[in-house]
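The next block holds one structure in the form of structure tokens; read it before the comments.
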Amino acid sequence: MADVDKATDGPTVEDRDAWDYHNLPDYDTEFYSQADIDAFAAALSAPEISPSEEDLTNPNRSQVEFITALNDWKPVHQSVKGQQNGPYANRKGKRRKKPRRGKDETREGWTYGLVKYPLLFFVLGWLLFLGVAYMLTRFYIYAYERYVTWRGKRDRLRKSLRKSVSYEDWVEGAKELDKYLGSDAFKDQDEYAYYDDRTIRRARDRMRKARRQAEKEEHGPRNRIGGQRAVDVMVELAEDCIKHNFAGFENPRLYCETYYGTKTLVQDYIDEMSTSLKFLFASGQLTREEKRSLTKHLGTNFGRTALCLSGGAAFAYYHAGIAKALLDANLLPKIITGTSGGALVAAVLATRTDEELKKLLVPALAYRITACSDPLTVWLPRWWKTGARFDNVDWAKRCSWFCRGSMTFLEAYQRTGRILNVTCVPSDPHSPTILANYLTAPDCVIWSAVLASAAVPGILNPVVLMKKNRDGKLEPFSFGHKWKDGSLRTDIPLKALNLHFNVNFPIVSQVNPHINLFFFSSRGTVGRPVTHRRGRGWRGGFLGSAIEQYIKLDLTKWLKVLRHLELLPRPLGQDWSEIWLQRFSGIITIWPKSLLSDFYYILSDPTMQRLARMIHAGQLAAWPKLKFISNRMAIEKVIEDARIATRPSSLPAASETNQPREKRLRNVISEEDLEQLLAHARNNNGVVDVESLADLDTATITQQQALPRQRNVRHRQPDGSASPSIEAARAKSPSIGTRLTSWFSPRHSSTASPTKAMSSAGSSATDLRKQASPERRRSNVFEEFKRQSQVFFDDEELGSEEERSGENGKEVAPFEDGEGHDEETGSEVASEGESVVDE
Numbered sequence: 071m072a073d074v075d076k077a078t079d080g081p082t083v084e085d086r087d088a089w090d091y092h093n094l095p096d097y098d099t100e101f102y103s104q105a106d107i108d109a110f111a112a113a114l115s116a117p118e119i120s121p122s123e124e125d126l127t128n129p130n131r132s133q134v135e136f137i138t139a140l141n142d143w144k145p146v147h148q149s150v151k152g153q154q155n156g157p158y159a160n161r162k163g164k165r166r167k168k169p170r171r172g173k174d175e176t177r178e179g180w181t182y183g184l185v186k187y188p189l190l191f192f193v194l195g196w197l198l199f200l201g202v203a204y205m206l207t208r209f210y211i212y213a214y215e216r217y218v219t220w221r222g223k224r225d226r227l228r229k230s231l232r233k234s235v236s237y238e239d240w241v242e243g244a245k246e247l248d249k250y251l252g253s254d255a256f257k258d259q260d261e262y263a264y265y266d267d268r269t270i271r272r273a274r275d276r277m278r279k280a281r282r283q284a285e286k287e288e289h290g291p292r293n294r295i296g297g298q299r300a301v302d303v304m305v306e307l308a309e310d311c312i313k314h315n316f317a318g319f320e321n322p323r324l325y326c327e328t329y330y331g332t333k334t335l336v337q338d339y340i341d342e343m344s345t346s347l348k349f350l351f352a353s354g355q356l357t358r359e360e361k362r363s364l365t366k367h368l369g370t371n372f373g374r375t376a377l378c379l380s381g382g383a384a385f386a387y388y389h390a391g392i393a394k395a396l397l398d399a400n401l402l403p404k405i406i407t408g409t410s411g412g413a414l415v416a417a418v419l420a421t422r423t424d425e426e427l428k429k430l431l432v433p434a435l436a437y438r439i440t441a442c443s444d445p446l447t448v449w450l451p452r453w454w455k456t457g458a459r460f461d462n463v464d465w466a467k468r469c470s471w472f473c474r475g476s477m478t479f480l481e482a483y484q485r486t487g488r489i490l491n492v493t494c495v496p497s498d499p500h501s502p503t504i505l506a507n508y509l510t511a512p513d514c515v516i517w518s519a520v521l522a523s524a525a526v527p528g529i530l531n532p533v534v535l536m537k538k539n540r541d542g543k544l545e546p547f548s549f550g551h552k553w554k555d556g557s558l559r560t561d562i563p564l565k566a567l568n569l570h571f572n573v574n575f576p577i578v579s580q581v582n583p584h585i586n587l588f589f590f591s592s593r594g595t596v597g598r599p600v601t602h603r604r605g606r607g608w609r610g611g612f613l614g615s616a617i618e619q620y621i622k623l624d625l626t627k628w629l630k631v632l633r634h635l636e637l638l639p640r641p642l643g644q645d646w647s648e649i650w651l652q653r654f655s656g657i658i659t660i661w662p663k664s665l666l667s668d669f670y671y672i673l674s675d676p677t678m679q680r681l682a683r684m685i686h687a688g689q690l691a692a693w694p695k696l697k698f699i700s701n702r703m704a705i706e707k708v709i710e711d712a713r714i715a716t717r718p719s720s721l722p723a724a725s726e727t728n729q730p731r732e733k734r735l736r737n738v739i740s741e742e743d744l745e746q747l748l749a750h751a752r753n754n755n756g757v758v759d760v761e762s763l764a765d766l767d768t769a770t771i772t773q774q775q776a777l778p779r780q781r782n783v784r785h786r787q788p789d790g791s792a793s794p795s796i797e798a799a800r801a802k803s804p805s806i807g808t809r810l811t812s813w814f815s816p817r818h819s820s821t822a823s824p825t826k827a828m829s830s831a832g833s834s835a836t837d838l839r840k841q842a843s844p845e846r847r848r849s850n851v852f853e854e855f856k857r858q859s860q861v862f863f864d865d866e867e868l869g870s871e872e873e874r875s876g877e878n879g880k881e882v883a884p885f886e887d888g889e890g891h892d893e894e895t896g897s898e899v900a901s902e903g904e905s906v907v908d909e
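Residue numbers (the numbering used here): 71 to 909.
In structure tokens, the structure reads:
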């Protein structure tokens, strides 16, 4: 529930400050770089199917003009007058059109060609009939509910509920409506067919008993229970009971028969598990390693929550209201995915902090939404010439503000700690889609992925994804292939989210207009029960719901027939069957109430008044789901906070830096040592006198650390060369011969070793540690060989199954992140030979 003291709530749509665009963060800042836009334009103009490199570099080749498709509407192969030969010439020598399907896709046999079009027209006609019947059925159900179900006091309470302007007001109205409908009896009764109440009660009672005993043993005598400490019993119970939908306690049906709340037993179970987990992770009876191991087990079993924003053109601005409701209640998940129009809103959420979002998700945001501002006299000739209403390069400039310039997925994760995912579909109908995020495409520029995910054929031509190089320049991603709208094939990428981030609790905000019409919950949904027969009936009666369900299933069946028999043509080279046959819902599905006028403005920029209505409608749709989400996040947040708290000190938090991975401080040595080295380097113009670090005054270092710092900025001259201080430090660096000679020389004492000034950019992290602690040096090459040979034997510290550690015992590469990458921090793991980046 949102904080009572408004600690997390942002301004409402009725606040005057929410309508002043001057209060928007960076409202007058243009983040895009002209060099990046030029690189994007050059990548778009490059031919996608180019000749071989040998042909291009051959000086004797004939002058041939290579032409790519003008747009989706004009293919490369066009009729050529007078050409009588070729693969597409018929028996009379006349040119015929190239088939839409390739040679391998074309079905052989005279029966396919004979039956294809008659069967296609029959199926399309039957689909049209079913569509009309479905609309009539839905109209009947609406009339039944309006004039039979919603009457009298319940209708007045429902209208007052829809007029709520804050979540607190909505909760009061929901409780009053539940009380009138008699839903309190449902909450107090433990038995219910959709969960195991006996197991839930037993788990709650045992956990409560063990917690109370452990609290007594925390600072007093320990009385073992069956030979075990009470805290050990709690750990076992947590690993047994903290699982996704354990005994059905996360079944959405538990929240579908009341407007607010669920079974009292389920609520007690969630509160007890949350309290017990907080005690476990704060208890001194468990070691840090035990706590971290427990967080890994619980995190894997319980899973993670993700917010999935669908496409829908201008309907996507309803997502802003849903995100605002979650943000105000402090329930915004860290994993966010967006497709098409939803990708733009997801980019805003993932590149801004909470404080910035509170000021952005307001009606004044319409001041910066200008993507559709071109008049008819501009976009109509463009559409006639290029086949697309909007210009790719112009949209790249406008979109960069929402993505804070050419920020990559990895940089966004490091800035906010949120994981952004954008679905993109390749132009080839058979190539797999990509879910771009900081793991699959860390260097990919966000605004290019947003444009690709919104490239609906006829609206925006396919675009090229861009990536950022180490020098900050942009170049084409994935060989310059073209990408299209993600909603065409994967609007809600649930499988990919589960694969990459263990997401098993998706919250779907669905606003697609062609899908929203078919969303219907015959038995009610979370926070919106069926009021007919006090929650025990069907919407529109059983017959109405049965007819609606039958027609919808029949529509799905015939759409699958079209797809599997390959009867549908491919306009613009795209298979359009998936826009109805993919999964569009999650465990929680939110669909805001739209208006008919939204279809008229589907390709228009919203005004402040329309955006304010859409934000409020999104909030009204999200508020009934917040209780279910808060119960889920109550346990998930405890686990995630404990995992951050038990993280080794060498793994900095993801929000500590917003620099690319090649410019980050490597986590080879401890954070404290790095701070001392950096503080000492600032006093010596970038030169580190390593052996004198032990004499540094701690107070001086602390004072230096408090000064404003610009981390990871390389000192470069205007011509690109290193600064004089860096060059001087490199000149003082010992040669490779000196380093090799020292291997065969006896151990130097700390007093006899000369002072060696080294640049932090020109020395490796291991060298810095060795010079900072001379007594840890290897005496000669034979001892070094002996040390290296230890890898052939078992090492208890390095062989732990719970942690994968590097040479220095620092944890690297958790199991969920792939080799050499930490999902919790987004940081790369440096090897011994990698250098510390200079400051």
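Don't be surprised by glycine CBs; every beta carbon is placed ideally from N, CA and C.
Select from the options the residue whose C-alpha is nearest the C-alpha of residue i.
i      : options                        : result
LEU190 : GLY201, GLN580, LEU635         : LEU635
TYR508 : PRO502, THR493, HIS500, SER497 : THR493
GLN104 : SER476, THR328, TYR264         : SER476
ILE577 : LEU379, THR456, PRO718         : LEU379
ALA112 : LYS366, ASN568, LEU535, SER615 : LEU535
GLY408 : THR560, GLY487, VAL463, GLY373 : THR560
LYS249 : PRO81, LEU227, ALA525          : LEU227
GLY201 : GLN652, HIS584, GLU320         : HIS584
GLY354 : GLY382, ALA300, LEU377, ASP398 : ALA300
LEU446 : PHE588, PHE460, TYR182         : PHE460
ILE340 : GLU359, LEU356, HIS314, PHE351 : HIS314
GLU481 : ASN462, PRO451, CYS514         : CYS514
LEU377 : HIS686, ILE657, THR82          : ILE657
ARG271 : MET684, ALA317, LYS663         : ALA317
ASN371 : ARG680, LYS695, PHE571         : PHE571
CYS311 : HIS289, ASP266, CYS442         : ASP266
Going by DSSP, name the residue or residues bridged to residue i.
i      : result
LEU490 : ILE406
THR659 : VAL578
VAL573 : ARG374
ARG598 : THR595
PRO445 : In DSSP, PRO445 forms no bridge with anything.
THR50  : Since the first and last residues shown for the chain are 71 and 909, residue 50 lies out of range.
VAL631 : Its beta-bridge partners do not exist; DSSP assigns none.
PRO496 : TRP553
Could you give the first and the last residue of the continuous beta strand (DSSP E) run that contains residue i?
i      : result
ASN586 : Taken as a continuous stretch (DSSP letters only), ASN586 belongs to no beta strand (DSSP E), being part of the alpha helix (DSSP H) at 583-586.
Determine the extent of the alpha helix (DSSP H) in which residue i is found, giving its start and end residues.
i      : result
ILE649 : 648-651
TYR214 : 180-214
SER470 : 462-472
ILE439 : Careful: ILE439 lies outside any alpha helix (DSSP H) and carries neither H nor E.
SER667 : 667-670
VAL415 : 411-421
GLY243 : 237-251
SER103 : Note, SER103: premise wrong, no alpha helix (DSSP H); not H, not E.
ALA434 : Run containing ALA434: none; DSSP gives neither H nor E here.
ALA116 : It is not in any alpha helix (DSSP H) - ALA116 carries neither H nor E in the DSSP assignment.
LYS429 : 424-430
contact_flag[the region 463-476, the region 389-398] where n(CB pairs < 8 Å) is 3 or more: Fewer than three beta-carbon pairs drawn from the region 463-476 and the region 389-398 are found closer than 8 Å, and the two stretches are therefore not classed as touching.
Contiguous alpha helix (DSSP H) assignments of at least 4 residues, all confined to the region 328-390: 334-352, 358-372
contact_flag[the region 270-289, the region 620-640] where n(CB pairs < 8 Å) is 3 or more: no
Cβ contact (3+ pairs, closer than 8 Å) linking the region 319-336 and the region 596-611: yes
3 or more residues per run - each beta strand (DSSP E) lying fully within the region 499-567: 504-506, 536-538, 544-546, 552-554
Validate contact between the region 702-721 and the region 407-426 using beta carbons, cut 8 Å, 3 pairs: Not touching, per the Cβ criterion.
The region 396-405 in contact with the region 421-432 per 3-pair CB rule at 8 Å: Segments in contact, yes.
Contained alpha helix (DSSP H) runs [length at least 4] in the region 253-329, N- to C-terminal order: Entirely contained in the region 253-329, the alpha helix (DSSP H) runs reaching 4 residues are, in chain order, 254-258, 267-287, 300-311.
Segment contact flag, the region 83-93 with the region 521-534, C-beta cutoff 8 Å, min 3 pairs: no
Touching by the beta-carbon criterion (3+ pairs, under 8 Å), the region 614-632 and the region 194-208: yes
Sufficient close CB pairs (3 or more, under 8 Å) joining the region 228-243 to the region 614-621: Short answer: they don't touch.
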